[in-house]
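Undergrad:
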Amino acid sequence: VQLQASGGGLVQAGGSLRLSCAASGSTFSSLIMGWYRQAPGKRRELVARFSSGDSITYADSVKGRFTISRDNAKNTVYLQMNSLKPEDTAVYYCNAGYRLYIEGDYWGQGTLVTVSS
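The letter at position 49 of the sequence shown is residue 1321 when you use the numbering used here, and the numbering goes up by one with no holes.
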């Protein structure tokens, strides 16, 4: 599975960005997709992830502001980020796998999101 993330950049606090991650090399609809992030000096953490059925898990820190979605026809998963805060600054990674409730084995290259105050 190959993952190509895009859409990061510099945005002011309160602004919005949409990240995209295109997948190839597997049947996209069978992949469990998610987004993780790693801020400078911190451990990588879950941002949002599809779980069983249509249910989604969000980090508490992004609930109500971020939305994960997927387009199986385009083999792409998105992360819409609204009301961005400086603490959202991180490298965001797309993740894919086949197992529920744990991070997958496949990672995109990461895309940097910088939120200025």
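Beta carbons: idealized from backbone N, C-alpha and C, even for Gly.
Let me make sure I understand the geometry here. Which of Leu1275, Arg1290, Ser1288 has the alpha-carbon closest to that of Ser1298?
TA: Position 26 of the sequence shown, counted from the first residue, corresponds to residue 1298. Looking at the Cα atoms, Leu1275 is the closest of the given residues.
Undergrad: List the endpoints of the continuous beta strand (DSSP E) containing Tyr1330.
TA: Position 58 of the sequence shown, counted from the first residue, corresponds to residue 1330. Element bounds for Tyr1330: 1328-1330.
Undergrad: Pull up the DSSP beta-bridge partners for Ala1311, would you.
TA: Here residue 1311 refers to the residue found at position 39 of the sequence shown. Answer is none; Ala1311 lacks a bridge partner.
Undergrad: For Ala1294, which residues of its own chain have a beta-carbon under 7 Å away from its beta-carbon, when the five flanking residues on both sides are left out?
TA: Here residue 1294 corresponds to residue number 22 of the sequence shown, with the count starting at 1. Answer for Ala1294: Gln1276, Asn1347, Thr1348, listed in chain order.
Undergrad: Here's the rule: buried if 16 or more other CB atoms are within 10 angstroms of the residue's CB, otherwise exposed. What is Ile1374?
TA: Taking the sequence shown and counting its residues from 1, the one referred to as residue 1374 is at position 102. Ile1374 should be labelled exposed.
Undergrad: Check the C-beta distance from Leu1303 over to Val1273 and give it rounded, since I have them as a contact under 8 Å.
TA: Residue 1303 sits at position 31 when you count from the first residue of the sequence shown. Residue 1273 sits at position 1 when you count from the first residue of the sequence shown. Their Cβ separation, rounded to whole angstroms, is 7 Å, which keeps Leu1303 and Val1273 in contact under 8 Å.
Undergrad: Any idea what DSSP makes of Ser1278, helix, strand or coil?
TA: As a first step, residue 1278 must be located in the sequence shown, where it is residue number 6. Note: Ser1278 maps to strand in three-state DSSP.
Undergrad: Can you tell me whether DSSP reads Ser1296 as helix, strand or coil?
TA: Locating residue 1296 in the sequence shown gives position 24, where the first residue counts as 1. Looking at Ser1296 - three-state DSSP - the assignment turns out to be strand.
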